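Colleague:
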Amino acid sequence: MTSFSVSVREELLKQLPRNLSQRQAILAGIFCSSELDANDEVKTSIKLPEGVAEFTSRLLKTDCVSFEKKDNLIQISSEDADAFRESLGLCFRGNNADILSSDEGFRRCFLRGVYINCGYLSDPEKTYRLELHLCNVRIFEVLLWMLHAENMEPAVSKRGGKTVIRLREGDKVSDFLAIIGATNAMLSFENIRAEHEILDRVNKQVNCDSANARRQAEAGAKRTEMFIKLLDSPKSRNLSEEMLSVLRLHVDNPGLSITELGKMMDPPISKSGMNHRLKKLMEIAEEC
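Numbering-wise, the working numbering comes out as the position in the sequence shown, counting from 1, plus 7.
Laid out in structure tokens, this is it:
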């Protein structure tokens, strides 16, 4: 069974960018989130998962970048490597972070490329958590600027030598999916969230009803105990026939509600009337 995280990636891989700018932004996201080479520069040789490798190859072919692909290892040819690396290097220059993040089209396609390469989304049936596992710490600042531009404040941590950018709020995860173009995944995610919210409300109501029933049962049991003592005490002789009837009716039917007890009176009385009489009896019973 395909995981939710993989289904998001598969949806994105089916969407081919429409123009050169989008293609370059997605390629930048894929290559810049990968490992750096020995000279601390963008690697022009990266190993990718099979589907991602095929997708990346199509983008490179469309832009006429020469490369070799073998066992999902993509190697940009030596004649194009410098120019390719230079174009991606723009993403590492500190004075470009604000410029890149302010370009919404580039920003969103770049984030799509990053997710395609190193994104993870937990099963929303269990928890809401989206992560970007960066092998390249130099791209970290640019990503933060981009997420801030989308009104997102991610958590950041280190794990296994990688920098992990994490979104944990359901709203933010849903927004991120919409931003990178994973519309179907976003709708599925929202459906699951809606189901969870309905279940939570139902559970809270059931728990509330159970608590109310428990409190009512405890109050009824205490009232019955006190009424039995009242019946056995001399004070019961001073009760009117009506109040004595109420007292005996409650003792003989401890599990009934106040409304049900009122209906059993002859003649029947309302819930408020029955409640008034029971309160009077409780005041007398407390003196026993």
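Even for Gly, the Cβ is constructed at its ideal location relative to N, Cα and C.
Predicted, not measured: the structure shown is a model, and the values here were computed from it.
#1: Leaving out five residues on either side along the sequence, give the residues of the same chain with a beta carbon under 7 Å from the beta carbon of residue 143.
#2: Go through its chain and collect everything with a Cβ distance to residue 101's Cβ below 6 Å, but skip five positions before and after it.
#3: If we ignore side chains and look at the alpha-carbon of each, how far apart do residue 23 and residue 189 end up?
#4: Can you tell me whether residue 257 is buried or exposed? The criterion is at least 16 other CB atoms within 10 Å of its CB, across all chains shown.
#5: Could you name the residues of the same chain whose beta carbon sits closer than 8 Å to that of residue 291, not counting the 5 residues immediately before and after it, in chain order?
#6: Suppose contacts are defined by Cβ-Cβ distances below 8 Å. Is residue 37 in contact with residue 63 by that definition?
#7: Could you check whether residue 141 and residue 172 sit closer than 8 Å to each other, using their CB atoms as the reference points?
#8: Would you mind giving the Cβ-Cβ distance between residue 56 and residue 26, rounded to the nearest angstrom? I have them listed as a contact below 8 Å.
#9: Over the uninterrupted alpha helix (DSSP H) stretch that includes residue 171, give me the two end residues.
#10: What residue range is occupied by the uninterrupted beta strand (DSSP E) comprising residue 53?
#11: Thinking C-beta only, is residue 183 closer than 8 Å to residue 153?
#12: First and last residue of the beta strand (DSSP E) that includes residue 138?
#13: Do you know offhand how far residue 133's Cα is from residue 126's?
#14: Would you mind reading off the limits of the beta strand (DSSP E) that contains residue 22?
#15: Answer with buried or exposed for residue 138, where buried requires no fewer than 16 other C-beta atoms within 10 angstroms of its C-beta.
#16: Which ranges does the alpha helix (DSSP H) cover as unbroken runs of at least 4 residues, wholly within the stretch 198-282, from first to last along the chain?
#17: When you compare only the Cα positions, how much space is there between residue 199 and residue 28?
#18: Within this structure, are the beta carbons of residue 51 and residue 11 separated by less than 8 Å?
#19: Three-state secondary structure (DSSP) at residue 75?
#20: Between the stretch 160-178 and the stretch 214-231, do at least 3 Cβ pairs fall closer than 8 Å?
#21: DSSP three-state label for residue 131, please.
Modeller: Taking the coordinates as given:
#1: Locating residue 143 in the sequence shown gives position 136, where the first residue counts as 1. Answer for residue 143: 39, 40, 41, 42, 43, listed in chain order.
#2: The sequence position of residue 101 within the sequence shown is 94, counting from 1. Low per-residue confidence applies at residue 101: pLDDT is 49, beneath 50, and the placement is therefore not dependable enough to give any value.
#3: Numbered from its first residue, the sequence shown carries residue 23 at position 16. Numbered from its first residue, the sequence shown carries residue 189 at position 182. Residue 23 and residue 189 have their alpha carbons spaced roughly 13 Å apart.
#4: Indexing the sequence shown from 1 puts residue 257 at position 250. It counts as buried.
#5: On the sequence shown, position 284 is the one that residue 291 refers to. So the qualifying residues of the chain are 237, 242, 246.
#6: Along the sequence shown, one-based indexing puts residue 37 at 30. Along the sequence shown, one-based indexing puts residue 63 at 56. Yes.
#7: Along the sequence shown, read from residue 1 onward, the residue named residue 172 stands at position 165. Along the sequence shown, read from residue 1 onward, the residue named residue 141 stands at position 134. Against a cut-off of 8 Å, the Cβ pair of residue 141 and residue 172 comes out as a contact.
#8: Position 49 of the sequence shown, counted from the first residue, corresponds to residue 56. Position 19 of the sequence shown, counted from the first residue, corresponds to residue 26. About 25 Å separates the two Cβ atoms, so there is no contact after all.
#9: Residue numbering aside, residue 171 sits at position 164 when the sequence shown is read from its first letter. For residue 171, there is no enclosing alpha helix (DSSP H); the residue is found in the beta strand (DSSP E) stretching over 169-174.
#10: One-based indexing of the sequence shown puts residue 53 at position 46. 52-54 is the extent of the beta strand (DSSP E) around residue 53.
#11: On the sequence shown, residue 153 is found 146 positions in, with the first residue counted as 1. On the sequence shown, residue 183 is found 176 positions in, with the first residue counted as 1. Cβ atoms of residue 153 and residue 183: not closer than 8 Å.
#12: The residue given as residue 138 occupies position 131 in the sequence shown. Residues 137-141.
#13: Locating residue 133 in the sequence shown gives position 126, where the first residue counts as 1. Locating residue 126 in the sequence shown gives position 119, where the first residue counts as 1. Their backbone Cα atoms lie some 18 Å apart in a straight line.
#14: Position 15 of the sequence shown holds residue 22. Taken as a continuous stretch (DSSP letters only), residue 22 belongs to no beta strand (DSSP E), as it is neither H nor E.
#15: Translated into the one-based positions of the sequence shown, residue 138 becomes position 131. Buried, because 16 or more other Cβ atoms sit within 10 Å of the Cβ of residue 138.
#16: 248-259, 265-271
#17: In the sequence shown, residue 199 corresponds to position 192, counting from 1. In the sequence shown, residue 28 corresponds to position 21, counting from 1. Going by the C-alpha atoms only, they are around 34 Å apart.
#18: Position 44 of the sequence shown, counting from 1, holds the residue named residue 51. Position 4 of the sequence shown, counting from 1, holds the residue named residue 11. No, the pair does not count as a contact, with Cβ atoms beyond the cut-off.
#19: In the sequence shown, residue 75 corresponds to position 68, counting from 1. Residue 75 sits in a strand when the DSSP states are folded into three classes.
#20: no
#21: Residue 131 sits at position 124 when you count from the first residue of the sequence shown. Of the three classes helix, strand and coil, the one that applies to residue 131 here is coil, per DSSP.
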